[in-house]
Amino acid sequence: SDSRVYGGGDVIAQRDAMVAAAEKNGQGALVHPVKGEIQVAVLDLAVSEQWDEGGVIRLFFTLVEAGQRLFPDSTTSTGDAVEISAISADAAALSDFQAVAQPIFDAGGAAIQNVVSTLGSWGSQITTIVGQATRLGSLASQLTAGPLATFGRFFAGGNAGFLSATPMASVYSAATTVDDLISAGAGERALIGTDISALTAAAEGIGLSTTAADIPVAAQTLFADVLAAHADPGGAIGALESLIGFAPGSTASLTPIGAAACDLMRRSAATALARAAAVYQPSSYDDAAGVRTTITGLYDAEILIAGDEGEDATYGALRALRAAVIQDLTVRGASLARIQTFAFGAPLPALHLATRLYRDPSRADELVIQAIPVHPLFMPPAFQALAS
818 SDSRVYGGGD VIAQRDAMVA AAEKNGQGAL VHPVKGEIQV AVLDLAVSEQ WDEGGVIRLF
878 FTLVEAGQRL FPDSTTSTGD AVEISAISAD AAALSDFQAV AQPIFDAGGA AIQNVVSTLG
938 SWGSQITTIV GQATRLGSLA SQLTAGPLAT FGRFFAGGNA GFLSATPMAS VYSAATTVDD
998 LISAGAGERA LIGTDISALT AAAEGIGLST TAADIPVAAQ TLFADVLAAH ADPGGAIGAL
1058 ESLIGFAPGS TASLTPIGAA ACDLMRRSAA TALARAAAVY QPSSYDDAAG VRTTITGLYD
1118 AEILIAGDEG EDATYGALRA LRAAVIQDLT VRGASLARIQ TFAFGAPLPA LHLATRLYRD
1178 PSRADELVIQ AIPVHPLFMP PAFQALAS
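What follows is the structure, encoded as structure tokens:
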């Protein structure tokens, strides 16, 4: 009581204050002589006072270290959500095409020839695009090991991640040779040729061996193989973007069945595009945002067409697919570094700049790819690169 060292006044008042603090709900701060300040909860408190120790009260605490309660948590796989939405979009495209095309086919006339001609134009365009994707230069630039792994910044793949579970992805390993790449590319081109023939046969056999529903199945198989033919997800996105914008001739010259076939092909490309975006690895926050903007713009245009044509199933499915792609790219891009402009007083070597900016000289090649200097020893005085 009334200690000159600790203060606190009357011992009874000190006891009452300590008891009141111990009886409060929740946790509190304990200043421990060894462990320092820790958060604890009071389980038990005993007070002892002896008649022969006037002015002295002893307190006995039973404490347990406190912490936040942790409960099991679950998160949604945005990639799986994209795949589920893509499956629904494919089913809606099949249903709407069948509803439009079957009555036209039943009426006879030149409908079959019109759709065969339209699909033939699409087949030619797809053959050209897959030929570019499977040429030796494009395939070799994706190698990750061996003497062919480094082609320089002007001849490198657009993305480091290969499309998983595809024939082209399985080719790339430390033992891959040029002969392996030639064989794989030839196999993909042959597969695309088979798919195009199957698509044309499905149209030619209407009323004999096939129905209107067989055409969407063949189209979706074709675009799945187009996606698989690209080892680079970035290249797949570019190729599918160009196919979504493809139109055989002017829109005004298309017959109703030809327009329906074009709608089907664009929508099949749109679902394949969503699958490519789901495995694309953005290099920065800005890259993810740019890809997201491009893809959503394409979907907005197709959603508007489906709405104008009264195809409610496709309209709703594409809106859901668009939302899934946006969420996936937003979530995966949120933790990536942004692009920043750096400026220096003079041209400096890439190795020096990588060490100075990132404390990591191994990132010099990354800076070279982003800044595209005349020579890595003389980087531009100002360029854009990852902020961290």
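All residue numbers in the sequence shown are consecutive under my numbering, ending with 1205.
Note that beta-carbon positions come from the ideal geometry of N, C-alpha and C, so glycine has one too.
Between the C-alpha atoms of residue i and residue j, what's the straight-line distance to the nearest angstrom?
i        : j        : result
Ala-1105 : Glu-1183 : 17 Å
Ala-1076 : Asp-1117 : 18 Å
His-1192 : Gly-1124 : 52 Å
Ser-865  : Gly-826  : 19 Å
Val-848  : Ala-858  : 13 Å
Ala-1128 : Arg-1006 : Checking the displayed sequence, the identity of residue 1128 turns out to be Glu instead of Ala. Cα-Cα distance, rounded: 34 Å.
Thr-1072 : Ile-1189 : 48 Å
Pro-1050 : Arg-1149 : 15 Å
Tyr-1097 : Leu-1146 : 9 Å
Ile-874  : Glu-840  : 18 Å
Ile-1120 : Leu-1203 : 35 Å
Tyr-1132 : Glu-1021 : 28 Å
Met-835  : Pro-889  : 36 Å
Leu-998  : Ala-1041 : 20 Å
Leu-1115 : Ser-1059 : 10 Å
Leu-1081 : Ser-934  : 15 Å
Gly-978  : Ala-883  : In this prediction, Gly-978 scores a pLDDT of 45, lower than 50, which makes its location untrustworthy; the coordinate-derived value is nonetheless stated afterwards. Computed Cα separation, rounded: 44 Å.
Leu-956  : Ser-1101 : 24 Å
Gly-975  : Ala-1137 : Per-residue confidence for Gly-975 stands at a pLDDT of 46, beneath the threshold of 50, marking its modelled position as unreliable; the derived number appears in the next sentence. For Gly-975 and Ala-1137, the distance between alpha carbons rounds to 28 Å.
Ser-905  : Ala-1015 : 23 Å
Ser-1000 : Gly-1010 : 15 Å
Asp-923  : Ala-1130 : 23 Å
Leu-1008 : Ala-1018 : 15 Å
Gln-1211 : Ala-1029 : Here the chain covers residues 818 to 1205 and nothing more, so residue 1211 does not appear.
Asn-842  : Leu-860  : 11 Å
Ala-863  : Leu-880  : 12 Å
Ala-1078 : Gln-919  : 12 Å
Ala-1151 : Leu-953  : 35 Å
Ala-1094 : Asp-897  : 12 Å
Leu-1044 : Ala-1035 : 14 Å
Ile-1074 : Ser-912  : 15 Å
Ala-1134 : Ala-1056 : 22 Å
Val-1108 : Ser-902  : 18 Å
Could you spell out the range, first to last residue, of the alpha helix (DSSP H) harbouring residue i?
i        : result
Ala-909  : 895-924
Gly-1206 : One cannot answer for residue 1206 here, as it falls past the ends of the chain, which runs 818 to 1205.
Leu-1039 : 1031-1045
Thr-1172 : 1167-1175
Gln-1187 : 1181-1188
Leu-1057 : 1050-1061
Can you tell me whether residue i is helix, strand or coil according to DSSP?
i        : result
Gly-843  : coil
Ser-1014 : helix
Ser-1000 : helix
Arg-885  : Reading the sequence as shown, one finds Gln at residue 885 and not Arg. Coil at Gln-885, not helix or strand.
Gly-824  : strand
Val-848  : strand
Met-1196 : coil
How far does the beta strand (DSSP E) with residue i in it reach, from first residue to last?
i        : result
Ala-863  : 853-865
Glu-882  : 875-882
Ile-1156 : 1156-1160
Phe-1200 : 1199-1203
Within 10 angstroms of the Cβ of residue i, are there 16 or more other Cβ atoms? Answer buried if so, exposed if not.
i        : result
Ala-1053 : buried
Tyr-823  : exposed
Val-995  : exposed
Phe-1195 : exposed
Gln-867  : exposed
Gly-940  : buried
Ile-1112 : buried
Pro-1198 : exposed
Thr-944  : exposed
Gly-1002 : buried
Gln-1037 : buried
Thr-1065 : Note that residue 1065 is Pro in the sequence shown, not Thr. So Pro-1065 counts as buried.
Ala-928  : buried
Pro-1033 : buried
Self-check item: Sequence ranges, beta strand (DSSP E) only - wholly within the region 1079-1150, length at least 3
Solution: None, since the region 1079-1150 contains no complete beta strand (DSSP E) of that length.
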